[in-house]
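A short write-up of the structure that comes next.
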């Protein structure tokens, strides 16, 4: 039953404040992580069924006859569910030790589970307004989670994030209203059919522009990225990993891709706009990340840059481009989450995030240093780790489509990415150790477990990438490749 | 009938313009939230008037109820953040919130 | 029809008043009055449920939240808004209205729409049966709002001494 993806976290989240009154630490930790583990196993189980039952693509339609809930579990949805559940499981394990000093762990886990329920709901919805509604659920939970520490920086960052995100949601809703006005229906199938019949380019163009402004802000595409470098460093480290690893991808890129590719159809004009936005994001993110002193701020700008790669791949529209974009989305979720968790471990041990105060931490924190090295090499695109393959596929797709300029910029930005990640590694982990930190210890048990889990995933998916692409990414890209005919023919309830 | 729809959309555009102007130029934190409120009024007017013109008022009502619930949650969270900011900086001026730069 | 236009102009006017007034209490009350006019418009558009909901929630609950927040931050000194803004605003607004009327007039008759499936039944059937998925979302957002407020107002007791020194 696909509804368990949404109901189980929601029910657990509603029970958590009561559980928190009984037991402050043990029960919330254990129960929340059991829920996250269950979601991960259920995703893998359901995903294998969706993929095995039909070569190519397969979708399951669930709707209770008494209720009228239409959920679609096709290749793309299952792919995004896998990303969400992998990263959220690692974050849940990490939070067992990290959130000790913030207090009120039951409320934290409740908000985290609500955010995950919102993202799952967004991914499974087939109705345009439901997509908007669950987007807001995840967003409201994230406003409170960014401001969780209640210090000055975090409140300022959360307030700016809230204001900008509210404006973006307003743009999205205006576009939904205009679509409702034209096609008199909100389900993706009727909208796709309506616009295929109507042949009104200007209305679709206007709605597309509003959607790019709205979802672009949620996905932190330049020039709508201004909230991200403030919000992601100020949040607690596991929340930074969730935001940067999953939320900007689900709220921004999944919604935009689903609507642009499955409902409107990817016209050459939209494709060009997405390509240019992607390239500008890559360059701006990579260049500003250079002279940052704060470790998490550098990671935040790097997120902007890598999201540019994903937009570049998906905006291309060719099958190889979509496969490359989706694979890079998956990889980026894993290694960016790992990098943010590493920075959280460093911050918990040394008390600082400034790179010029750190040095030589590798001797005292071996596990953190090793996983950070794996993640940095992955994101910079060093073979045989997973980042290399996804960037290679995107660049090959660009060359195949004869976009040589974009391909060159993508390769150059990859070199710049390698450079500044080596800077982080050298300044933070290698070199002479600062005397202040002579007695620090490595990360506690559960934090190390979650970091090793993500690090092993990086290595495993780097070596076994053909299997991953064939079983998880290709069904997703097949769904997207059929463009609006898919929505018209297959979303029959 | 579409001329009536354009009339209502004209007023919606005016309301959204007022709200965006308020967000861009006001300095008091609570005034910024009033700007978000005005945009929300414009959006509920847009939803209901679209439903009214397309003779589909029941679905539009359901959507608008859901939207008002979302708006209450966002406003409550924003006010909680504003009260906490006031406890830290003892002022409601947005020019005092410039610590994060770069 | 004329009544609709007058009421809509009243809504826009009171929203304008809400941002031009300097006192925060008067702004909140002006916003509530705009809500009341908006709900009268909704009532005239055959949407009685939304009219009631709008008055009770937006003109009631949100105004109470605003006023209680203003009461909690009472000791602040006056935040000076820039005078230039208040003078420039009518100019921009009139300009925008002119462009607005222009664009809307030029679009008349050029829009073609299609008819979709219309739901049968009364409001409660549509709300509970057709949009059931929205109800799960509404439960989610209510929980999110409640937990957000609880999380932001919790007692962080390890930093009490540090806050007293600042």
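Protein chains in written order, with our numbering: chain U, 1 to 493; chain Z, 1 to 102; chain Y, 1 to 166. For glycine and all other residues, C-beta sits at the position ideal for the given N, C-alpha and C. Treat the numbers as computed from the prediction; the structure is a model and nothing was measured.
Asked	Found
Member of U:448, U:479, U:162, U:106 whose CA lies at the smallest distance from the CA of residue 12 of chain U	U:106
Contacts of residue 50 of chain Y in chain U (Cβ-Cβ under 7 Å)	Ordered by position in chain U, no residue passes the 7 Å Cβ test against residue 50 of chain Y, which lies about 14 Å from the chain.
DSSP-derived helix/strand/coil call for residue 28 of chain Z	strand
C-beta neighbour in chain Z for residue 136 of chain U, strict 9 Å	yes
Proximal residues of chain U, C-beta to C-beta of residue 134 of chain Y below 9 Å	127, 129, 130, 133
Euclidean distance between Cα positions of residue 43 of chain U and residue 78 of chain U	7 Å
Listed by chain order, chain U residues near residue 54 of chain Z by CB distance under 7 Å	181, 184
Member of U:262, U:162, U:295, U:159 whose CA lies at the smallest distance from the CA of residue 322 of chain U	U:262
Within 8 Å of chain Z by C-beta, residues of the region 138-158 of chain Y in sequence order	138, 141, 142, 144, 145, 148, 149, 152, 153
Any C-beta of chain Y under 9 Å from that of residue 97 of chain Z	no
Close beta carbons around residue 476 of chain U, own chain, < 6 Å, minus the five adjacent residues each side	75, 76, 79, 326
Neighbour flag for residue 303 of chain U against chain Y, beta carbons, 9 Å	no
Nearest residue (CA-CA) to residue 396 of chain U, options U:383, U:385, U:411	U:411
Check whether residue 25 of chain Y and residue 31 of chain Z have beta carbons under 9 Å apart	no
Runs of alpha helix (DSSP H) wholly within the region 434-481 of chain U (minimum 4 residues, chain order)	445-463, 465-468, 474-481
Same chain only: Cβ atoms within 6 Å of residue 451 of chain U, ignoring 5 sequence neighbours per side	341, 371
Per-residue contacts from residue 137 of chain Z into chain U (C-beta, under 7 Å)	This structure does not reach residue 137 of chain Z, given that chain Z is present from 1 up to 102, and the question cannot be answered.
Extent of the continuous beta strand (DSSP E) to which residue 370 of chain U belongs	Premise fails: residue 370 of chain U lies in the alpha helix (DSSP H), 366-380, not in any beta strand (DSSP E).
Residue 417 of chain U beta carbon less than 9 Å from that of residue 381 of chain U	yes
Cross-strand partners of residue 153 of chain U (DSSP beta bridge)	Residue 153 of chain U pairs with nothing; no bridge assigned.
Touching by the beta-carbon criterion (3+ pairs, under 8 Å), the region 241-256 of chain U and the region 208-215 of chain U	yes
Neighbour flag for residue 352 of chain U against chain Z, beta carbons, 9 Å	no
Cβ distance (whole Å) where residue 40 of chain Y is taken to contact residue 7 of chain Y below 8 Å	6 Å
Given residue 545 of chain U as reference, the closest of U:50, U:83, U:288 once Cα atoms are compared	No information on residue 545 of chain U is available, as it lies outside the stretch 1 to 493 that chain U covers here.
Chain Z within 9 Å of residue 80 of chain Y, Cβ atoms only	yes
Span of the alpha helix (DSSP H) around residue 71 of chain Z	57-89
C-alpha gap between residue 84 of chain Z and residue 463 of chain U, whole angstroms	48 Å
Nonlocal neighbours in the same chain, by C-beta distance under 7 Å from residue 494 of chain U, ignoring five residues either side	This structure gives no information on residue 494 of chain U, because the portion of chain U shown stretches from 1 to 493.
Cα-Cα separation, residue 374 of chain U to residue 458 of chain U	8 Å
Listed by chain order, chain Z residues near residue 170 of chain Y by CB distance under 8 Å	It is not possible to answer for residue 170 of chain Y, since the shown part of chain Y is limited to 1 through 166.
Under 9 Å between C-beta atoms of residue 1 of chain Y and residue 10 of chain Z	no
Residue 90 of chain Y - containing alpha helix (DSSP H), residue span	83-106
Under 9 Å (Cβ pairs) to chain Y, residues found in the region 359-380 of chain U	none
C-beta atoms of residue 313 of chain U and residue 393 of chain U nearer than 9 Å	yes
Cβ contact (3+ pairs, closer than 8 Å) linking the region 82-101 of chain U and the region 128-144 of chain Y	no
Proximal residues to residue 315 of chain U (C-beta, below 7 Å), its chain only, five neighbours per side dropped	271, 274, 275, 278
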